[in-house]
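Residue numbers (the numbering used here): 118 to 336. The block underneath contains the structure these notes are about, expressed in structure tokens.
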């Protein structure tokens with residue numbers, strides 16, 4: 118069982134951090150390539166085949182599974198890309214394509230909130246590492262700067278049933294990931310695989326050039 122940490126730690130060549138990364142990357146492929154995923158990646162549905170060098174992940178019980186359309190696969194990939202890039206406008210654009218925005222949604226307010234979440238580390242990636250709560254002064258500064266509260270923007274959002282299952286799977290997966298590695302983050306674990314998947318889905322040289330330019334300006 119993937120929750121038998123003592124057994125995993127005793128097995129030569131098994132790296133729990135790597136297992137956590139593989140779990141995240143397996144779900145990246147399910148979400149954005151295959152369009153079909155197990156909605157319940159809790160410890161009871163996951164095991165490690167120790168007969169394979171380094172351990173091979175085994176996913177059980179696809180009785181609760183969800184199918185995604187090709188456009189949903191692409192939309193999820195673009196949301197992930199926007200988080201990797203800390204690109205709030207691109208994130209809102211991808212959410213719109215996924216049908217997650219209600220008609221008449223104030224995209225400017227959503228962009229401001231997402232941008233602030235990137236800066237504070239509430240939405241985490243390798244470029245966004247603050248994990249502390251904001252001080253009273255920082256909250257006041259946000260309000261003065263016009264950063265909307267989450268409660269003000271929830272009215273603009275809607276969650277199609279398939280995306281609700283995606284959110285559920287990521288939440289359950291995070292429990293397993295943190296069990297394997299206390300520093301586990303879904304976006305960190307999959308970031309290096311995103312360009313490869315983008316190219317498989319038809320992104321061209323403009324995408325690669327854009328990623329190269331962004332890499333030169335990252336902290």
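Where a beta carbon is used, it is the ideal one built from N, C-alpha and C, also for glycine. Every value quoted in this text rests on a predicted model; they were computed, and no experiment measured them.
Check: Close-in-space but distant-in-sequence residues of the same chain around residue 290 (CB under 8 angstroms, 5 per side omitted); Outcome: 140, 141, 144, 158, 303
Check: Separation of residue 197 from residue 122, as counted between CA atoms; Outcome: 29 angstroms
Check: Test: residue 154 CB closer than 9 angstroms to a CB of chain B; Outcome: Given the protein chain composition of this structure (a single chain), no chain B is represented.
Check: Contact the stretch 199 to 208 vs the stretch 156 to 170: 3+ CB pairs below 8 angstroms; Outcome: no
Check: Residue closest to residue 269, alpha-carbon to alpha-carbon, out of 186, 226, 287, 120; Outcome: 226
Check: For residue 173, three-class secondary structure by DSSP; Outcome: strand
Check: Beta-carbon contacts of residue 178 that lie in its chain and below 6 angstroms, excluding the five residues immediately before and after; Outcome: 162
Check: Reduced DSSP category for residue 62 - H, G, I as helix; E, B as strand; rest coil; Outcome: Any question about residue 62 goes unanswered here, given that the chain covers just 118 to 336.
Check: Beta-bridge pairing of residue 166 - partner residues as DSSP gives them; Outcome: 173
Check: Reference residue 228; option with closest CA among 313, 321, 273, 194; Outcome: 273
Check: Straight-line Cα distance separating residue 191 from residue 236; Outcome: 25 angstroms
Check: Rounded C-alpha distance that separates residue 321 from residue 217; Outcome: 27 angstroms
Check: CB-CB length for residue 214 against residue 275, believed under 8 angstroms; Outcome: Residue 214 to residue 275, Cβ: 13 angstroms. No contact.
Check: Nearest-angstrom beta carbon gap, residue 156 and residue 286 [assumed within contact, 8 angstroms]; Outcome: 5 angstroms
Check: Residue 311 versus residue 150 - alpha carbon distance; Outcome: 11 angstroms
Check: Residue 203 and residue 314 closer than 9 angstroms at C-beta; Outcome: no
Check: Burial state of residue 193, where buried means 16 or more other Cβ atoms lie within 10 Å; Outcome: buried
Check: Contacting residues, own chain, Cβ-Cβ under 7 angstroms from residue 324 (five flanking each side not counted); Outcome: 315
Check: Own chain residues within Cβ distance below 8 angstroms of residue 184, not counting five before or after; Outcome: 152, 153, 279
Check: Close-in-space but distant-in-sequence residues of the same chain around residue 207 (CB under 8 angstroms, 5 per side omitted); Outcome: 195, 198, 199
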